[in-house]
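Asker: Chains as they are written, first to last, in my numbering: chain A, -7 to 776; chain B, 1229 to 1456; chain C, 7 to 180.
From the three backbone atoms N, C-alpha and C, an ideal C-beta is built for every residue, glycine too.
This structure is a prediction, so every number in the text was calculated from the model and none was measured.
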Amino acid sequence: MSSPVVRQWYRDLAMGVRFTFTGGREGWVRAVLTAVGVGLGVALLLLTTAIPSALDTRGARGEARMDVGTVSADEYPKPTDKSLVVADTDTEYQYREIRGRLLQPEGANAPLPPGLREFPAPGEMVVSPALAELLKSDEGKLLRDRLPYVTVGHIGEAGLIGSHELAYFAGAEGLAERIDGSVVARIEKFGPAVEDPEEPMEPVLVLLTLVVFVVLLMPVAVFIATAVRFGGERRDRRLAALRLVGSDSRMTRRIAAGEALAGAVLGLVFGTVFFLIGREIVGSVEVFDVSVFPSYLNPSPVLALLVALAVPAAAVAVTLFALRGVVIEPLGVVRTARPARRRLWWRLLLPLAGLALLYPMIGQGSENGDFNEYAVISGVVLLLFGITALLPWVVEAFVARLGSGAVSWQLAVRRLQLSSGSAARMVNGIAVAVAGAIALQMLFSGVSGRFTESTGLDTTRAQMELALPQGLSASGTGEKLKQAKGAKAVAAMSSATVAGTAKDPEDVAEIVIGDCAALREFAKIPSCRDGDVFLMGQPDDPATLKLSTPNHTVYFDPSYAGEEPGAEVAWKLPGEVTKVTERADTLRPFGEGLMATPGALPAKAKTDAYMYSTVFVRTDPSVPDALDEVRNAAVAIDPLIRTWEWATTRRVDQFTTIQTGLLVGAAAVFVLIGTSLLVSQLEQLRERKKLLSALVAFGTRRRTLGLSVLWQTAIPITLGLIIALTFGVALGAVLLKMTATPVAIDWPNVLAMTGIGAAVVLVVTALSMPPLIRLMRPEGLRTE
Amino acid sequence: MTPTGSLLIATDLRKAYGPTTALDGAEFSIHPGEVVAVMGPSGSGKSTLLHCLAGIVPPDSGSIIYNGREMATMSDTERSALRRSEFGFVFQFGQLVPELTCVENVALPLRLNGTSRKEAEKTALGWMQRLEVDDLARKRPGEISGGQGQRVAVSRALVTSPRVLFADEPTGALDSLNGERVMELLTEAARSTNAAVVLVTHEARVAAYSDREIVVRDGKSRDMERVV
Amino acid sequence: MSIGHTLLGLLESGPRHGYDLKRAFDEKFGHDRPLHYGQVYSTMSRLLKNGLVEVDGIEAGGGPERKRYAITEAGITDVQRWLATPEKPEPYLQSTLYTKVVLALLTDRNAADILDSQRSEHLRMMRILTDRKRKGDLADQLICDHALFHLEADLRWLELTTARLGKLAEAVAK
Chain A
-7 MSSPVVRQWY RDLAMGVRFT FTGGREGWVR AVLTAVGVGL GVALLLLTTA
43 IPSALDTRGA RGEARMDVGT VSADEYPKPT DKSLVVADTD TEYQYREIRG
93 RLLQPEGANA PLPPGLREFP APGEMVVSPA LAELLKSDEG KLLRDRLPYV
143 TVGHIGEAGL IGSHELAYFA GAEGLAERID GSVVARIEKF GPAVEDPEEP
193 MEPVLVLLTL VVFVVLLMPV AVFIATAVRF GGERRDRRLA ALRLVGSDSR
243 MTRRIAAGEA LAGAVLGLVF GTVFFLIGRE IVGSVEVFDV SVFPSYLNPS
293 PVLALLVALA VPAAAVAVTL FALRGVVIEP LGVVRTARPA RRRLWWRLLL
343 PLAGLALLYP MIGQGSENGD FNEYAVISGV VLLLFGITAL LPWVVEAFVA
393 RLGSGAVSWQ LAVRRLQLSS GSAARMVNGI AVAVAGAIAL QMLFSGVSGR
443 FTESTGLDTT RAQMELALPQ GLSASGTGEK LKQAKGAKAV AAMSSATVAG
493 TAKDPEDVAE IVIGDCAALR EFAKIPSCRD GDVFLMGQPD DPATLKLSTP
543 NHTVYFDPSY AGEEPGAEVA WKLPGEVTKV TERADTLRPF GEGLMATPGA
593 LPAKAKTDAY MYSTVFVRTD PSVPDALDEV RNAAVAIDPL IRTWEWATTR
643 RVDQFTTIQT GLLVGAAAVF VLIGTSLLVS QLEQLRERKK LLSALVAFGT
693 RRRTLGLSVL WQTAIPITLG LIIALTFGVA LGAVLLKMTA TPVAIDWPNV
743 LAMTGIGAAV VLVVTALSMP PLIRLMRPEG LRTE
Chain B
1229 MTPTGSLLIA TDLRKAYGPT TALDGAEFSI HPGEVVAVMG PSGSGKSTLL
1279 HCLAGIVPPD SGSIIYNGRE MATMSDTERS ALRRSEFGFV FQFGQLVPEL
1329 TCVENVALPL RLNGTSRKEA EKTALGWMQR LEVDDLARKR PGEISGGQGQ
1379 RVAVSRALVT SPRVLFADEP TGALDSLNGE RVMELLTEAA RSTNAAVVLV
1429 THEARVAAYS DREIVVRDGK SRDMERVV
Chain C
7 MSIGHTLLGL LESGPRHGYD LKRAFDEKFG HDRPLHYGQV YSTMSRLLKN
57 GLVEVDGIEA GGGPERKRYA ITEAGITDVQ RWLATPEKPE PYLQSTLYTK
107 VVLALLTDRN AADILDSQRS EHLRMMRILT DRKRKGDLAD QLICDHALFH
157 LEADLRWLEL TTARLGKLAE AVAK
């Protein structure tokens, strides 16, 4: 602090800070306005920096409660005093997932799952708070039937991965006999059997995450830059007064920077408060099936520190940069120095540099190569920042060529011509947001093919599929389900393998068992009676060919050396095996193999003990909540029946999470940008109060003035959106090329994003109309 | 006061802004071609009187009859239309649209009335010539002096050939010489078009350009011809 | 300034001796220039001759200073006319105007009217000068301007006095 220059800076900045807080009501209002703006931005930044840790915490909790599936069925063959049998009874209710577990402790030392203090007794359950609420509500009526247990407690936070997660643990008996390793398992501890090495994210996903962050944070940065300039023109007048009493031009600038600094620091405080509030709110809502606990959202200290330093520094930098074109004269007048004609070349340089950074990475997605994170971030930032650099030039060049029209048009155009800079500034944020959103949208729909697996299911044929636990009779269950409310038709089938010999067989073939009606769901069968056997398709597998010969003897459940002996049920094929072809719209594509009606099988083979049975259900569209009715019926038959609703596609989970984050973030950003637009719009109007009143005095129609305000926003916004569209599509194309995905523009989505941007502007204009009309009242003429 | 043949007559005007009484029974009348100065100390209500007379602010009570029509019965739209076509305005501050050029500013009232841009600007230029500011036509208000700006404003007030010209401290921000020049040009132009001029001023030398003055004190007007 | 009218005005509140008149005049209007006795007597005799005052009585002991004067009806009318007639606007008018205003207040006449009619007269003069200036050459303009500025100063004084009439009335009544 000894250097005089530093001291001078310090003094001037401090004076500016003082001015903010001692400048009377006006000073306060300005400071608070700025602080609210900066605060919103900071809060969003903090939330963003907290997301990685939130995801980590969520992931860790999820891992700590892993149970079924961590060990194979024969890992713990015998019950011990520390073993626990767990059954996975996850279900779905009104399209919301419910995590369900049946627990049967086998000893005093059986491991308690996270979040539980004691095991629920059979017939009792412990539920998550959200599930408790759902069960109590009217909405939960059907669910109450499905979970016929007495609620005896709540699952603690440690056992849940989100504040709104639906989950329950129920006590059960007789699970041990049904251990199969996939639905029911015996475990001795919760959590993964062996520590998984961190699964590296796929490079394309890394790229997506990076771009999402950049795209969401850029508009926030632009917003903060706008926020520190709130009330700028009034401040300029104050600065002029400072010049009058003898501060030089540079001092004045530093004092102004000090004011901005004060606003920004106050904004940090506001931001922290907003963040804490926001954290609680985030904890209390569930967006797109994702909820988190407030305690998850802890910004990493390094990132938080970075925000705390970067925001005030940016405030000072932006102020100094903004005052660059302003000559502050002592005589109360601040004249914008006749701006040098905006030059194009350096403005083009930014996006070009961005492209240059991204270009070398084109095509790497296919080679699974790594994307250089820094290059990606800098490239995207430069490209998007290029918009904010190019937009003022485009607006200037464009409005300079605009001709005259109606008075409202003329007023708007002239105003834009005189201050195209501030117009461009106003739309910068929204343009960047839209461009980013478009690019991401393209990237998402482009690569979604890679992350969306087609299930190959034909939802017109069936709407549900139920997997029966071993031992449950397919036909019996099918019959019961047919009676269920909401079920229109069912097809029950079992599958098994048959072997050529009873012991250590070499040849095995698939066999599907079902009644004639069920089999007809898979193959075109001209005639069928119970007792018939078919061969579907044109098998070229020699084993299948051999085992499907008429009168051949095959064996169900053969024995293998070194394992417990199987049932070794012999079955002699009938004298006739009819060849049939598979239906194009089969319920499950087998391709080829044996098919048998139950009557053809020996009684012993029908015990179902070694068969995997499935029931397909066609629901009755006229029954409300048909899916849940069928699920209820299934659980009533056996809680271990697993149900799926048929969907045409299935997405990779991580991908879904990123897309969810994007949607939530984009919504927040658009709201933020809209707010800043509104504030600066209102400010501009207030500054022109006297002029507006004078215009009204000499008879200008309110409509004319209203329209002129609309044009004034609409022209730069249109330009901004066009540029945003261009840049967004360009950036999207480059990113797609980087992931080696064919470039296709998803127009409806692109236009939707643009439309949202335009809608924000329209809403803002509409919201600024009432104050405009108020300002146009003749009272504004009063000067005394 | 001679109401017969008057173009604009106001009787018993009252207007309060919240607790402040601005007009408390003011009277006014003006003939075509007459220049009437409205004088009085600041805060006396002279600007409010002008705003009421011009139909910018509706009075709380009292009647204003313009050309035989009671203004109170007109809708806001009608009054706006009246202001556009029959009235002209010159204020002390804040009246030129900073982003429009001078000629566009002057042409504005005509354009609001639906005149084509070309024609409006031609007429505007004619008036600017009369007020000796035609050379500033392509400049913007920020680039000209206060006196020039005021003359541009006067051109704009006159461009529609209004029947009543309302001027509120038109020379308030000008030095004596400029102020006088503006007043000379304004009254000359008004007389040549037989326009009535309501001239609000607290300066005697400006009021000296009028034919008659009324004084507003504490919201009450006093017609000086009736004194003695 | 008309001493005669002023003395007449002072008499309106009741008959006075010559020396009373001098004292009252000096008190209200003669701050910088007290009246000489001779001025009082010569004025009074002129007024007497014109029938505007009459001798109300003479104290024993004789001598001109012993006469008591009273205003006549003609005198009251004369004061009224004088007060109501605006002065010809000219420089250094203030003392006359001031006298008139004070007299009006003393005699319960409307002082504001006097001021308003004076300002009206001033403006009328200013209009004439403005008009002359408009038509005249540069010399005319400069001469007129000189007059105009002085008139304007008067007018401002008139306005200021109007604004302060209440206070002045209080001061005079003391």
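(1) Per DSSP, Met22/C forms a beta bridge with which residues?
(2) Would Ile1372/B pass as an interface residue toward chain A - the criterion being a Cβ-Cβ separation below 8 angstroms?
(3) Extract the residue ranges of the alpha helix (DSSP H) inside the stretch 516 to 551 of chain A, only unbroken runs of 4 or more that lie entirely within it.
(4) Check the DSSP bridge columns for Ser1289/B and list the partner residues they point to.
(5) Does DSSP put Arg1391/B in a helix, in a strand, or in coil?
(6) Run through chain B and tell me which residues come within less than 8 angstroms of Glu165/C, C-beta to C-beta.
(7) Shorter than 8 angstroms from the beta carbon of Asp122/C to some beta carbon of chain B?
(8) Determine the direct distance from the alpha carbon of Trp163/C to that of Val1425/B, and round the result to whole angstroms.
(9) Nearest to Asp172/A by alpha carbon, out of Asp240/A, Ala79/A and Arg88/A?
(10) Under 6 angstroms Cβ to Cβ from Pro557/A, same chain only, skipping five residues before and after it: list those, please.
(11) Measuring straight from C-alpha to C-alpha, what distance separates Val34/A and Thr264/A?
(12) Quick check: the Cα distance between Gly468/A and Thr606/A, rounded to an integer number of angstroms?
(13) Reducing DSSP to helix, strand and coil, say where Val386/A ends up.
(14) Confirm the yes/no value for this check: CB of Met1299/B, any heavy atom of the ligand MG, distance under 7 angstroms.
(15) Give the straight-line distance between the Cα atoms of Val1444/B and Gln124/C, rounded to the nearest whole angstrom.
(16) Between Ala153/C and chain B, is the shortest Cβ-Cβ distance under 8 angstroms, so that the two count as touching?
(17) Where are the alpha helix (DSSP H) runs, 4 residues long or more, that stay fully inside the stretch 1320 to 1364 of chain B, in chain order?
(18) Looking at the structure shown, is Glu1416/B part of a helix, part of a strand, or coil, going by DSSP?
(19) So with Cβ pairs under 8 angstroms, would you call Gly324/A a contact of chain B?
(20) Below 8 angstroms on the Cβ atoms is my contact criterion, and I expect Ala1432/B with Val1387/B to pass it. Report the Cβ-Cβ distance as a whole number of Å.
(21) Check whether the Cβ atoms of Leu511/A and Thr570/A lie closer than 8 angstroms to each other.
(22) Under 7 angstroms between beta-carbons, which chain B residues line up against Ala169/C? List them in chain order, please.
(23) In whole angstroms, what is the alpha-carbon distance linking Gln673/A and Ser287/A?
(24) Jot down the residue ranges of each uninterrupted beta strand (DSSP E) in the stretch 450 to 494 of chain A, minimum 3 residues, whole runs only, in chain order.
(25) Check whether the Cβ of Thr136/C lies closer than 8 angstroms to any Cβ atom in chain B.
(26) What is the DSSP secondary structure of Gly1261/B, counted as helix, strand or coil?
(27) Report the neighbours of Arg1312/B on chain A: residues whose CB is nearer than 8 angstroms to its CB, in chain order.
(28) Under the DSSP definition of a beta bridge, which residues are partnered with Pro114/A?
(29) Roughly how many angstroms lie between the CA atoms of Ala162/A and Val119/A, to the nearest whole one?
(30) Against chain C, does Val1443/B count as a neighbour if the rule is that its beta carbon must be under 8 angstroms from one of theirs?
(31) Does the beta-carbon of Val(-2)/A have 16 or more other beta-carbons within 10 angstroms, so that it is buried, or is it exposed?
(32) Return the bridge partner residues of Tyr141/A from the DSSP annotation.
(33) Which residues, in chain order, does the stretch 371 to 399 of chain A contribute to contact with chain B at a C-beta distance below 9 angstroms?
(34) Can you tell me whether Phe280/A is buried or exposed? The criterion is at least 16 other CB atoms within 10 Å of its CB, across all chains shown.
(35) Counting C-beta neighbours from all protein chains within 10 Å, is the total for Pro613/A 16 or more, i.e. buried, or is it exposed?
(36) What residues from the stretch 15 to 35 of chain C come within 8 angstroms of chain B, judged by C-beta to C-beta, listed N to C?
Answerer: Taking the coordinates as given:
(1) Looking at the sequence provided, one finds Arg at residue 22/C rather than Met. Assignment of beta-bridge partners to Arg22/C by DSSP yields Tyr75/C.
(2) For Ile1372/B, the answer is no, since every Cβ of chain A falls outside 8 angstroms of its Cβ.
(3) The stretch 516 to 551 of chain A contains these whole alpha helix (DSSP H) runs: 534 to 539.
(4) According to DSSP, Ser1289/B bridges with Arg1242/B.
(5) DSSP, read as helix, strand or coil, puts Arg1391/B in coil.
(6) Chain B residues near Glu165/C: Pro1269.
(7) Chain B, which has a Cβ nearer than 8 angstroms to the Cβ of Asp122/C, makes this yes.
(8) When rounded, the distance between both Cα atoms is 27 angstroms.
(9) Checked all of Asp240/A, Ala79/A and Arg88/A; the closest Cα to Asp172/A is Ala79/A.
(10) For Pro557/A, where only same-chain residues beyond five positions count, the Cβ hits under 6 angstroms are Ser551.
(11) Distance between the alpha carbons of Val34/A and Thr264/A is about 7 angstroms.
(12) Inter-residue distance for Gly468/A and Thr606/A is about 12 angstroms (C-alpha atoms, whole angstroms).
(13) It is helical.
(14) Questions concerning the ligand MG fall outside what the structure shown contains, since it holds no ligand whatsoever.
(15) As the crow flies, the alpha-carbon of Val1444/B is around 16 angstroms from that of Gln124/C.
(16) No, Ala153/C lies away from the interface with chain B (no Cβ there is under 8 angstroms from its Cβ).
(17) The stretch 1320 to 1364 of chain B is shown to contain whole alpha helix (DSSP H) runs of 4 or more residues at 1330 to 1340 and 1345 to 1358, in chain order.
(18) Helix.
(19) Confidence at Gly324/A is low in this model, with a pLDDT of 48, below 50, so the placement of that residue should be treated as unreliable; the coordinate-derived value is given next. Chain B contact via Cβ: absent.
(20) Between the beta-carbon of Ala1432/B and that of Val1387/B there is about 29 angstroms, and that puts the pair past the 8 angstroms contact cut.
(21) Cβ atoms of Leu511/A and Thr570/A: not closer than 8 angstroms.
(22) The contacting residues are Pro1269.
(23) Approximately 38 angstroms between the Cα atoms of the pair.
(24) Complete beta strand (DSSP E) runs here, min 3: 456 to 459 and 479 to 491.
(25) It does: the Cβ of Thr136/C has a partner Cβ on chain B nearer than 8 angstroms.
(26) Coil at Gly1261/B, not helix or strand.
(27) Correct list: Phe690, Gly691 and Thr692.
(28) Pro114/A pairs with Gly163/A.
(29) Distance from the CA atom of Ala162/A to the CA atom of Val119/A, rounded to whole angstroms, is 8 angstroms.
(30) For Val1443/B, a Cβ of chain C is located within less than 8 angstroms of the residue's own Cβ.
(31) So Val(-2)/A ends up on the exposed side.
(32) Partner(s): none; Tyr141/A has no beta bridge.
(33) The residues in question are Ser396, Gly397, Ala398 and Val399.
(34) A caution first: Phe280/A carries a pLDDT of 47, below 50, which makes its placement in the model too unreliable to give a value.
(35) Pro613/A is exposed by the Cβ-count criterion.
(36) Per Cβ criterion, the list is empty.
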